[in-house]
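Participant: Questions regarding the structure given below will be posed in turn.
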Amino acid sequence: MSFGFFNYWVFIILLMIGLYTVMSRSNLVKKMIGLSLFQISVFLFYISMGKISGGTAPIVVENITDGAAPVYSNPLPHVLILTAIVVGIATTALGLSLVVRIRESFGTIDEEEILEMKDGA
Numbered sequence: 128m129s130f131g132f133f134n135y136w137v138f139i140i141l142l143m144i145g146l147y148t149v150m151s152r153s154n155l156v157k158k159m160i161g162l163s164l165f166q167i168s169v170f171l172f173y174i175s176m177g178k179i180s181g182g183t184a185p186i187v188v189e190n191i192t193d194g195a196a197p198v199y200s201n202p203l204p205h206v207l208i209l210t211a212i213v214v215g216i217a218t219t220a221l222g223l224s225l226v227v228r229i230r231e232s233f234g235t236i237d238e239e240e241i242l243e244m245k246d247g248a
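Structure representation (structure tokens):
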């Protein structure tokens, strides 16, 4: 059995679990967890695309013994994912702080109950 595309299968599974959680749950904390899973799957996808089999870090070496040009991995996807991780953490923290404020205002974090309170008032 070949594990050559294992990262892509994990990406698809995490993406679908995250999307299902965001769409099917009415608890706002569970929605935030689903959104985090969705983000993590995208991070995994970009990191998987940036890795080249047999590639090395893009550091120029002066003395090459076998005469063949080395294969370098592109560092740009990894740098972009580091930035996206920071943005993802900030977005999750902001979302969870909004959930806390909603809990203080409405007394619940269930989306359906909040909508019922809002429509009834």
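Residues in the sequence shown are numbered from 128 upward in steps of one, following the numbering used here. Note that CB positions come from ideal geometry on N, CA and C, so glycine has one too.
#1: Where does Thr235 fall in DSSP's three states?
#2: Answer yes or no: do Asn154 and Gly177 have a C-beta to C-beta separation smaller than 8 Å?
#3: Comparing C-alpha positions only, which one of Arg152, Gly145, Ile186, Val206 sits nearest to Ser163?
#4: With a Cβ-Cβ cutoff of 8 Å, do Thr183 and Val198 count as a contact?
#5: Can you list, in chain order, the residues of its chain whose CB lies under 8 Å from that of Phe132, leaving out five sequence neighbours each side?
#6: So what does DSSP say about Asn154, is it helix, strand or coil?
#7: If we cut at 8 Å on Cβ distances, does Gly222 have a partner in chain B?
#8: Out of Lys158, Leu142, Met244, point me to the one whose CA is closest to Leu225's CA.
#9: Between Ile174 and His205, what straight-line distance do the alpha-carbon atoms span, to the nearest angstrom?
Facilitator: In this structure, then:
#1: Of the three classes helix, strand and coil, the one that applies to Thr235 here is coil, per DSSP.
#2: no
#3: Gly145
#4: yes
#5: none
#6: Strand at Asn154.
#7: The structure shown contains no chain B; it holds only a single protein chain.
#8: Considering only alpha carbons, the answer is Lys158.
#9: 6 Å
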